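Everything below concerns the one structure shown next.
Chains as they are written, first to last, in the numbering used here: chain X, 136 to 540; chain C, 53 to 183.
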């Protein structure tokens with residue numbers, strides 16, 4: 136079996152095996168380490184030695200063996216180890232799905248987002264520490280430490296290995312969705328340059344959200360998040376030019392968009408919106424879908440986008456939403472109306488300058504646009520974006536000097 | 053093999069005083085293509101350890117602390133009249149000669165109208181880890 140097929144299989148089995156082992160030993164931390172070692176062993180042996188008859192059972196046994204060895208060597212735990220070692224191997228019940236329990240645990244609000252992301256990718260995604268470290272461009276030892284501190288934190292908070300109580304369920308699910316959304320964005324915003332392996336994070340976020348959707352198919356926000364990811368990721372092939380430069384939505388070659396992903400995303404968001412009471416992911420997905428179904432940029436239904444941004448403002452207090460509504464306002468009611476809306480916004484960072492520059496350019500104020508593109512370029516921390524903003528300013532400058540001469 | 057850190061500063065009075073935002077668009081593109089090609093070359097040759105550009109001086113802060121009272125945090129450094137660290141490479145190479153060759157190439161990155169900028173590149177050997 137080729138290595139990448141083995142890897143896919145391991146990633147599917149990882150949360151299933153971890154669920155069984157964690158529940159049996161009642162020690163998530165040690166179980167997670169043991170499963171990670173079992174996965175590494177399988178990744179080493181299976182591609183050349185062939186798949187065992189029962190891959191899931193093999194992993195389960197390997198993890199249990201490691202955990203028992205470790206417990207045996209740990210004097211302080213001798214009593215518990217004896218009891219555990221005497222039990223028969225854990226029953227392999229393929230029907231049990233612990234993915235949801237694991238996601239809730241790894242995305243626990245006691246963890247910082249960076250810690251929750253790393254732990255989720257390892258425990259639920261089945262990625263190795265080395266792979267996660269590469270994706271986040273930090274040394275492997277640093278990532279290993281981040282993960283072990285996250286697990287220590289969970290241990291200290293005494294979170295049981297079971298689904299949260301119904302009254303906490305909604306808030307905890309929001310944390311899970313937020314972590315998955317951050318993983319997606321981490322991959323999506325860094326799709327340029329030599330950092331190709333980072334784009335795999337988007338694929339992994341989609342896979343995990345799909346898994347969650349499989350567990351909670353009736354939850355509109357889970358469906359909405361999956362749709363949002365698919366509809367955004369569908370544009371990836373058109374989003375960067377030949378040397379890694381950013382291509383804005385309005386200038387993208389729509390023939391390069393992934394039609395299959397758009398179809399799936401539109402179907403999901405339509406289904407999720409029909410449930411009513413739409414939250415932020417469904418509404419963002421609805422906006423992404425409106426862009427994606429326009430055959431040409433001039434066919435974009437800006438009225439609908441503007442209406443959806445207004446609804447989005449009703450469910451979130453994120454000022455970036457208002458920033459985006461300013462763009463939609465400018466497209467429907469003219470640049471001046473969009474610029475007026477920006478006056479009401481207080482927002483740090485470079486984005487306000489970038490949007491103001493864009494709207495000033497639409498309004499024909501070249502000098503003002505250049506000034507704000509420069510200001511945005513000086514404050515962004517993203518290299519392709521800086522390049523885009525500088526180029527935009529440079530283009531306006533040269534068009535002005537051509538007109539002037 | 054030995055590791056070297058190549059530090060690139062923007063220094064006034066060298067080949068190009070014009071901020072990049074004021075270059076013609078095609079020259080910005082040529083400059084960035086050059087940097088990407090250099091990184092790709094170093095990666096292909098197995099010499100690249102790390103290469104990073106630093107965010108602009110608007111976002112920079114300087115911190116001083118005596119360890120007892122609250123630290124003093126000031127904005128800057130600002131580039132007026134002095135060098136400003138813009139980015140760095142860490143390369144793992146056979147010889148100092150090769151490190152200098154890479155630095156020379158980086159220094160000659162194209163500026164407006166394709167004229168090499170000639171930014172000074174500081175080449176510093178990275179000390180090896182204690183045994």
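Cβ coordinates follow ideal geometry from the N, Cα and C atoms, glycine included.
Given the structure is predicted, the values throughout are model-derived calculations rather than measurements.
Per DSSP, the beta bridge partners of residue 141 of chain C are C/58 and C/103. For residue 99 of chain C, same chain residues with a beta-carbon under 8 Å away, outside a window of 5 residues either side, are 143, 144, 145, 150 and 154 in chain order. For residue 481 of chain X, the closest Cβ of chain C is not nearer than 9 Å. Judged by DSSP secondary structure, residue 177 of chain C falls within the beta strand (DSSP E) whose first and last residues are 173 to 177. Residue range 301 to 323 is occupied by the alpha helix (DSSP H) that includes residue 318 of chain X.
Of all C-beta pairs linking the stretch 491 to 505 of chain X to the stretch 352 to 367 of chain X, fewer than three are shorter than 8 Å, placing the two stretches out of contact. Of all residues in the stretch 106 to 131 of chain C, only 107, 108, 109, 110 and 111 place a beta-carbon less than 9 Å from a beta-carbon of chain X.
Between residue 400 of chain X and residue 363 of chain X, the CB-CB gap stays under 9 Å. Taking every protein chain shown into account, the CB of residue 60 of chain C has 16 or more other CB atoms within 10 angstroms, so this residue is buried. Looking at the DSSP output, residue 290 of chain X shares a beta bridge with no other residue. Annotated three-state conformation of residue 435 of chain X is coil, per DSSP. Beta-bridge analysis with DSSP links residue 136 of chain C to C/62. In the structure shown, residue 381 of chain X adopts extended strand secondary structure according to DSSP, grouped into three states. In this structure, DSSP gives residue 127 of chain C an extended state, which the three-state scheme calls strand. For residue 525 of chain X, the nearest beta carbon of chain C is closer than 9 Å to its own beta carbon. Residue 246 of chain X and residue 299 of chain X have their C-alpha atoms roughly 16 Å apart. The C-beta of residue 380 of chain X comes closer than 9 Å to at least one C-beta of chain C. For residue 401 of chain X, there is no enclosing beta strand (DSSP E); the enclosing alpha helix (DSSP H) covers residues 394 to 408.
Counting along the chain, the unbroken alpha helix (DSSP H) around residue 157 of chain C starts and ends at 148 to 159. Listed by position along chain C, the residues whose Cβ is nearer than 7 Å to that of residue 518 of chain X are 105. Three or more Cβ pairs closer than 8 Å define a contact, and the stretch 159 to 172 of chain X meets that threshold against the stretch 189 to 204 of chain X. Residues of chain C whose Cβ lies closer than 7 Å to the Cβ of residue 513 of chain X are, in chain order, 108 and 110. A Cβ-Cβ separation of about 11 Å leaves residue 509 of chain X out of contact with residue 489 of chain X under the 8 Å criterion. One thing to note: residue 57 of chain C has its Cβ within 9 Å of the Cβ of residue 140 of chain C. Annotated as distal: residue 70 of chain C and residue 170 of chain C, with beta-carbon spacing of 9 Å or more.
Residue 166 of chain C is outside the set of residues whose beta carbon lies under 9 Å from a beta carbon in chain X.
Spatial neighbours of residue 116 of chain C in its own chain (CB-CB distance under 7 Å, excluding positions within 5 residues in sequence) are listed in chain order as 123 and 124. Of the residues assessed, residue 179 of chain C falls on the exposed side of the cut-off, its CB having fewer than 16 other CB atoms within 10 angstroms.
Rounded to the nearest angstrom, the gap between the Cα atoms of residue 533 of chain X and residue 76 of chain C is 7 Å.
In the DSSP assignment, residue 375 of chain X falls outside any beta strand (DSSP E), carrying neither H nor E. By the C-beta criterion, the stretch 377 to 392 of chain X is judged not to be in contact with the stretch 404 to 416 of chain X, since fewer than 3 inter-stretch pairs fall below 8 Å. Under the 10 Å beta carbon count, residue 484 of chain X is surrounded by fewer than 16 other beta carbons and is classified as exposed. Inter-residue distance for residue 243 of chain X and residue 287 of chain X is about 12 Å (C-alpha atoms, whole angstroms). Using a C-beta cut-off of 8 Å, the stretch 253 to 272 of chain X makes no contact with the stretch 366 to 377 of chain X, since fewer than three inter-stretch Cβ pairs fall below that distance.
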